[in-house]
Amino acid sequence: MNAGSRASGTPDAGKIESRLSILALLAPSSPDSPPQYDYLGHQHQNVSTTPSGFYQDLAPAGHPAFQHHQQQQQLHHAGQLLQPYPIAHAQPPPPPPQPQRNIYPQDANVKPAKLMTIAPRPSDQIPRPPPATPTPRSSSSSVPRRIATIVACENCRAKRTKCDGARPKCSRCVRLGTGCEYDAGPDETRSVARKRKYEEMKNDLNEMQELVDYMRIKPLPDVAEVIRRIRAGEDPCRVLRLVRDGDLLLQASALGRQELEFDKDDAIKKLDEAAMQKSHIKVAAKPWTAVGGDGLVSELVTIFFDTEQPFSTVYVDRFCFLEDMKTGKPEKARFCSPALVNSICALGAFTSETAKAIDLAQGGNIREAFYAEAKRQLDLEHGKDSLTTTMVLITLFLYSSAAGIDRAGGPHRLTACTMYKRLKIGTEFPAWVNKLEPTARDRVCKALSRAAWGMFCLESISSFVYIQPALIKPPTLPRIFDGNREDVAPEDPNCPDPFLDAECGMSILLYHIMCYNRESRYALGKPEDISARLSHYQKLMGWTSQECSEKGRGLIGLAQAIFLQAYFSIAVIALFRPLAPLDLTLPNGLGSAGTFVVQHCKRMVERVQEFEQKYPEESAKGCVCTLYFYYVVSISLVALLDKERDSHEPFIQACRHFHLVSKNFGVGRAVLRGLQAMALEMQVHLPEQSLSYFAEASLSDEHFNDVPVSYVVPGRLASKSRSPGEDDDGSDSEVHLGNLIEKWSAVSINK
Numbered sequence: 001m002n003a004g005s006r007a008s009g010t011p012d013a014g015k016i017e018s019r020l021s022i023l024a025l026l027a028p029s030s031p032d033s034p035p036q037y038d039y040l041g042h043q044h045q046n047v048s049t050t051p052s053g054f055y056q057d058l059a060p061a062g063h064p065a066f067q068h069h070q071q072q073q074q075l076h077h078a079g080q081l082l083q084p085y086p087i088a089h090a091q092p093p094p095p096p097p098q099p100q101r102n103i104y105p106q107d108a109n110v111k112p113a114k115l116m117t118i119a120p121r122p123s124d125q126i127p128r129p130p131p132a133t134p135t136p137r138s139s140s141s142s143v144p145r146r147i148a149t150i151v152a153c154e155n156c157r158a159k160r161t162k163c164d165g166a167r168p169k170c171s172r173c174v175r176l177g178t179g180c181e182y183d184a185g186p187d188e189t190r191s192v193a194r195k196r197k198y199e200e201m202k203n204d205l206n207e208m209q210e211l212v213d214y215m216r217i218k219p220l221p222d223v224a225e226v227i228r229r230i231r232a233g234e235d236p237c238r239v240l241r242l243v244r245d246g247d248l249l250l251q252a253s254a255l256g257r258q259e260l261e262f263d264k265d266d267a268i269k270k271l272d273e274a275a276m277q278k279s280h281i282k283v284a285a286k287p288w289t290a291v292g293g294d295g296l297v298s299e300l301v302t303i304f305f306d307t308e309q310p311f312s313t314v315y316v317d318r319f320c321f322l323e324d325m326k327t328g329k330p331e332k333a334r335f336c337s338p339a340l341v342n343s344i345c346a347l348g349a350f351t352s353e354t355a356k357a358i359d360l361a362q363g364g365n366i367r368e369a370f371y372a373e374a375k376r377q378l379d380l381e382h383g384k385d386s387l388t389t390t391m392v393l394i395t396l397f398l399y400s401s402a403a404g405i406d407r408a409g410g411p412h413r414l415t416a417c418t419m420y421k422r423l424k425i426g427t428e429f430p431a432w433v434n435k436l437e438p439t440a441r442d443r444v445c446k447a448l449s450r451a452a453w454g455m456f457c458l459e460s461i462s463s464f465v466y467i468q469p470a471l472i473k474p475p476t477l478p479r480i481f482d483g484n485r486e487d488v489a490p491e492d493p494n495c496p497d498p499f500l501d502a503e504c505g506m507s508i509l510l511y512h513i514m515c516y517n518r519e520s521r522y523a524l525g526k527p528e529d530i531s532a533r534l535s536h537y538q539k540l541m542g543w544t545s546q547e548c549s550e551k552g553r554g555l556i557g558l559a560q561a562i563f564l565q566a567y568f569s570i571a572v573i574a575l576f577r578p579l580a581p582l583d584l585t586l587p588n589g590l591g592s593a594g595t596f597v598v599q600h601c602k603r604m605v606e607r608v609q610e611f612e613q614k615y616p617e618e619s620a621k622g623c624v625c626t627l628y629f630y631y632v633v634s635i636s637l638v639a640l641l642d643k644e645r646d647s648h649e650p651f652i653q654a655c656r657h658f659h660l661v662s663k664n665f666g667v668g669r670a671v672l673r674g675l676q677a678m679a680l681e682m683q684v685h686l687p688e689q690s691l692s693y694f695a696e697a698s699l700s701d702e703h704f705n706d707v708p709v710s711y712v713v714p715g716r717l718a719s720k721s722r723s724p725g726e727d728d729d730g731s732d733s734e735v736h737l738g739n740l741i742e743k744w745s746a747v748s749i750n751k
């Protein structure tokens, strides 16, 4: 006898009761009831929310409990018809209470196991969300909207199935036991991810290009060390970082990594010995400086004379300086002093591989140590006027300019020019010279002549970046300096150095051009002004550098010959750059002023690149001279980028050079930021090919406050800075590059 017959007492009633129970389980709760939604908003088959089948199994149709349940169910369906149509985010109905097996204690003969086979518990059929109290749709405590999946994983995208975007593995991949990968970050869209990957690939390409450039110009042992590391599985980007940090690869290969890591003093000693062996000039560090050893000081002095002196540091006589230094007696020296030695070493340390390797070994900055010692020694002189003190001040100014803080060196430059005038260095020989024997007197007069004219040449070059004439006038001393190379005797002892003599002639012409730009009484661009400028141009064309043969003079001879031709282009740019914004056409077939400026910028770049191709290792490190030429090119072309298509290529090459040498010279990054600020101020577009060179010197990296770069910006910016009604006489109002960097870095940060 079944459970129904036990409850009702009749077999037929029990059969009917069982069939009704099965039908109740299969049939929907009501044909008129609206569709139900799960908690994710998906429509599903309506399932009765009351365990009607369970109650029907417990009591037959005629049983009072069954009749009572039918009435409650009808009232419940009627209430559903009166409710509004449910929406996807509506609160789901609460789950029904769990049925109790002995809900009717009077039916003692009911078997729970058989009841479970007829009507299982609802919780075993369909998983339901946790119970919640129904609330109105407008309530703030309603269930939040479904969070959209921004990016699906690769497997779900391939199968075109829904993905919940869970990290690190989505639910579907976890369920299937497959790998789960995303092509975008958790908080970025695919388009943002593509842009990010593009920038990463572009940066990687630039780094690899830099590594290739390094391998192209370095000696084979250095290149072999790079290749060995890459073949050993080392990341090429990490190898590049080591190269940037001062060619540690070569030092590690020569000395062994254990020495660099575990025996600092011994490693520094061997680095110093290696520097002494490869230095062309060999000197003793003490008593002139205690910052570095003999080898390091010898290398830095060699860099000063062989790399920097061909154009910029011509004011120091090589023979007299080294002769005084080798005596080891500072109190008797006239062309050498502790302050001068330390300032020379500080300037040479910008490109010294040994200095950078020592920095890595001992964890300091030996370049700044030389600079600090030079200033300390200068303070010990208590403002004493002397030739060496004047040289120290000029060298410290060059150091500040190369470091990108020329404003800090400005007082050194002004003091040097004042001391130059007080000592009458450019007008007469000191009285003590006449007391020397003839041979010594002749040697000293040549050194003094070089000092007077060399300081004037450097001041003419320096003043051009400040859009002003040199602060000292052309000397009146005779040009009796020789070739200034101890290892090469001059062909004619009575003949001056032809390169320096030609540089002096060009510096005089540049001085007069800058004086005209500052003091001209003619309005800029008027016929009288153009006629005066053409007259200066004729003098430039009449300038001849003599036939300066670089044969037998190696690096220095070639550098001087090339730099002289670039210097000629600078004088032409100084003459016609003020006319470039006016779109004037020059007579005599010279074309427009802007086009003429672009032509000489291109010529300057070509000459410097000729030097770079013949001496790639020396040029890759950079020097003050090449930095100066590329600065003039870039700063002169910014205003012409949108007007002169031919201006793009020399501008790009200048930016590339600043990018390559920025690891050695701080001014490289400062100029790159300044060029960006100028372009924003002038509302011109930088060439697309140059943008990658600005990546590591972006204005938006930080807010640059009080930037110590006081170079004066030429061109349209200067004219925009003039007060209304002020005459434009060709002299540029002072708009400092550092001020533009500060202004536009703040704007870029706030965007």
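Its first residue numbered 1, the sequence shown is counted upward by one per residue in the UniProt record's numbering.
C-beta: ideal position from N, C-alpha, C; glycine also.
Since this is a predicted model, take the numbers as computed values, not measurements.
- Cα atoms of E696 and H736: separation of roughly 22 Å, rounded to the nearest angstrom.
- Per DSSP, reduced to three states, the secondary structure at G165 is coil, with no helix or strand assignment.
- Check the Cα spacing between P650 and each of D442, V608, A267 and A193: the tightest is with V608.
- Contact between I281 and I358 is absent: CB atoms are separated by about 19 Å, not below the 8 Å threshold.
- In the DSSP assignment, V735 falls outside any alpha helix (DSSP H) and carries neither an H nor an E.
- A Cβ-Cβ distance of about 5 Å is found for the pair F370 and V291, placing them in contact under the 8 Å criterion.
- Beta-bridge analysis with DSSP links G591 to L586.
- About 6 Å separates the beta carbons of A447 and F335, which is inside the 8 Å limit, making them a contact pair.
- In summary, T178 is exposed, with fewer than 16 beta-carbon neighbours lying within 10 Å of its beta-carbon over all protein chains present.
- Across the structure, E373 and G364 are spaced so that their CA atoms are roughly 15 Å apart.
- By the neighbour-count criterion, in which a residue is buried when 16 or more other Cβ atoms sit within 10 angstroms of its Cβ, I227 is exposed.
- In the DSSP secondary-structure assignment, V712 is bridged to H736.
- The Cβ atoms of A574 and M604 do not sit closer than 9 Å to each other.
- Residues of the same chain with a CB within less than 6 Å of the CB of L672, apart from the 5 flanking positions on each side, are F658, F694 and A697 in chain order.
- In this structure, A746 is the residue among A746, G666 and C345 with its C-alpha nearest to the C-alpha of L699.
- Taking all protein chains in view, the Cβ of S191 is surrounded by fewer than 16 other Cβ atoms within 10 Å, so the residue is classified as exposed.
- Setting aside the 5 residues that flank it on each side, D385 is surrounded in the same chain by M419, R422 and L423, each with a C-beta closer than 7 Å to its C-beta; the list follows chain order.
- With respect to the C-alpha of G525, the residue from G165, L471 and P581 having the closest C-alpha is P581.
- If you draw a straight line from the Cα of T389 to the Cα of K278, it is about 30 Å long.
- The beta-carbon distance between S352 and L300, rounded to whole angstroms, is 6 Å. This is short enough to meet the 8 Å contact definition.
- Collapsing the DSSP output to three states places P475 in coil.
- In this structure, the straight-line span from the alpha carbon of H382 to that of P475 is close to 27 Å.
- Going by DSSP, V633 is part of the alpha helix (DSSP H) stretching over V624 to L637.
- Shown here, S279 sits in coil according to DSSP, grouped into three states, outside any helix or strand.
- Counting other Cβ atoms within 10 Å of its Cβ, N517 reaches 16 or more and is therefore classed as buried.
- The alpha-carbon separation between W432 and E308 amounts to approximately 30 Å.
- An exposed status is given to P587, since fewer than 16 other beta-carbon atoms sit within 10 Å of its beta-carbon.
- For Q468, no alpha helix (DSSP H) encloses it, and the DSSP letter there is neither H nor E.
- Taking the Cα positions, D235 is about 12 Å away from E207.
- Setting aside the 5 residues that flank it on each side, N203 has no residue in the same chain whose C-beta is closer than 6 Å to its C-beta.
- Annotated as distal: P714 and D406, with beta-carbon spacing of 9 Å or more.
- Residues of the same chain with a CB within less than 6 Å of the CB of V661, apart from the 5 flanking positions on each side, are G622 and G668 in chain order.
- Beta-carbon to beta-carbon, V392 and L436 are separated by about 24 Å, too far to satisfy the 8 Å threshold.
- Judged by DSSP secondary structure, G674 falls within the alpha helix (DSSP H) whose first and last residues are G666 to M682.
- When the Cα atoms are used, I472 and M541 turn out to be separated by approximately 25 Å.
- From the listed residues E618, C504 and G591, the smallest Cα separation to L534 is found for G591.
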